[in-house]
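Structure first, commentary second.
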């Protein structure tokens with residue numbers, strides 16, 4: 229199988245690098261050239277345009293959002309260049325409505341479509357230990373599973389419709405953001421009463437939330453006020469929470485925490501935190517209490 233990977237950001241770069249271990253040709257494209265050049269040095273084949281990647285048997289995309297994916301896949305000519313029987317694997321966190329639209333467009337062209345968003349930060353992607361949430365037909369996923377195994381430690385199946393995997397990823401990111409906000413508020417409350425945030429984090433990660441990488445990892449970032457470089461930008465967290473709220477609305481399901489957190493994230497962005505790590509919710513909680 230020939231492979232293409234489009235979208236070589238902090239996550240996609242490492243995922244594409246791991247696909248090079250397949251021994252198959254890996255064509256790569258990115259809007260900025262530096263990641264392409266870095267992967268070319270490892271043996272990848274640079275593409276001059278996104279459409280050139282459409283010649284591959286399997287095309288992976290890892291782009292920021294619905295708009296970026298649409299621009300590359302449709303306006304950039306990738307889908308039009310793909311042959312019937314080939315497969316597009318969309319690993320981005322996109323809206324449920326967009327996933328549904330993409331699935332229909334792929335059917336029209338006879339191209340397979342799999343949604344495969346991932347759980348894991350940049351270091352996890354680099355180690356090839358991502359958790360991959362896959363939605364789509366059994367036959368298509370079986371064909372790309374050997375490639376998933378190069379990028380992830382486990383593939384979790386969530387239904388025959390691609391949009392189901394996207395709904396699960398949005399649910400995960402909603403819970404993640406809620407946990408970070410709760411950690412930030414708890415740490416701020418401790419600080420307001422003269423207790424160092426680090427002492428509070430040590431307590432909760434050793435008792436109530438022992439063994440949780442979310443509370444331990446993000447809690448340490450909040451205690452140390454370490455919000456850059458961003459592994460997952462706060463602006464992307466806002467995008468995902470907004471999409472989760474919209475996914476609930478589409479099923480007549482109000483998400484009370486989601487609505488509140490969306491407003492909090494919007495305020496944090498307005499305060500200049502967009503490019504900080506999502507852990508900066510802790511900074512925003514402290515700022516609301518004028519804790520510095």
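Residue numbers (my numbering): 229 to 520. Where is the CB? At the ideal position from N, CA and C, for every residue including glycine.
Cutoff 7 Å; reference residue 372; Cβ partners in own chain excluding five residues on either side = 286, 315, 317, 342
request  = Using a threshold of 8 Å, state whether the C-beta atoms of residue 254 and residue 272 are closer than that.
outcome  = yes
inquiry  = Going by C-alpha to C-alpha distance, which of 250, 394, 323 sits closest to residue 356?
reply    = 250
Nearest candidate by alpha-carbon position, reference residue 326, set 499, 472, 520 = 472
task = Please report the Cβ distance between residue 331 and residue 391, rounded to the nearest whole angstrom; I am assuming they are in contact, meaning their Cβ atoms lie under 8 Å.
result = 7 Å
message = Here's a check: name, in chain order, each residue in its chain whose Cβ is nearer than 8 Å to the Cβ of residue 358, leaving out the five neighbours to either side.
response = 243, 346, 347, 348, 352, 379, 380, 381
query = Are the segment 418–427 and the segment 500–519 touching, with three or more C-beta to C-beta distances below 8 Å?
reply = yes
ask   = What are the boundary residues of the alpha helix (DSSP H) that includes residue 444?
value = 441–452
ask   = So is residue 289 buried or exposed if we call it buried at 16+ other beta carbons inside 10 Å?
value = buried
ask   = Bridge partners of residue 289, per DSSP?
value = 234, 318
task = Kindly indicate which residue of 236, 430, 401 has the alpha-carbon position closest to the one of residue 263.
result = 236
Sequence-distant residues of its chain with Cβ nearer than 8 Å to residue 279 (five each side left out) = 304, 305, 306, 308, 309
query = Within 10 angstroms of its Cβ, does residue 490 collect 16 or more other Cβ (buried), or is it exposed?
reply = buried
query = Under a Cβ-count criterion, where at least 16 other Cβ atoms within 10 Å of its own Cβ denotes burial, should residue 323 be classed as buried or exposed?
reply = buried
task = Hey, could you find the ends of the alpha helix (DSSP H) residue 510 is sitting in?
result = 509–516
key: Simplified DSSP assignment, three categories, for residue 435   = coil
query = To which residues does DSSP link residue 360 through a beta bridge?
reply = 346, 383
task = Using beta-carbon positions only, say whether residue 409 and residue 509 come within less than 8 Å of one another.
result = yes
key: Length of the line joining the Cα atoms of residue 298 and residue 350   = 24 Å
query = Expressed to the nearest angstrom, what Euclidean distance is found between the alpha-carbon atoms of residue 193 and residue 514?
reply = The requested residue 193 does not occur in the structure, where the chain is confined to residues 229 to 520.
query = If you drop the 5 nearest sequence neighbours on each side, which residues of the same chain put their C-beta closer than 7 Å to that of residue 333?
reply = 307
message = Looking at the secondary structure, which residues open and close the beta strand (DSSP E) in which residue 256 lies?
response = 254–257
ask   = Going along the chain, which residues of its own chain have a beta-carbon closer than 7 Å to the beta-carbon of residue 270, five neighbours each way excluded?
value = 245, 248
ask   = Using DSSP with H/G/I as helix, E/B as strand and the rest coil, what is residue 340?
value = strand
message = With DSSP as the reference, identify every bridge partner of residue 505, one or two as the case may be.
response = 461
request  = Return helix, strand or coil for residue 274, following the three-state DSSP convention.
outcome  = strand
message = With a threshold of 8 Å, are at least 3 pairs of Cβ atoms found where one atom belongs to the segment 470–484 and the other to the segment 431–450?
response = no
ask   = Starting from residue 281 and walking both ways along the alpha helix (DSSP H), at which residues does that stretch end?
value = Element bounds for residue 281: n/a, residue is neither H nor E.
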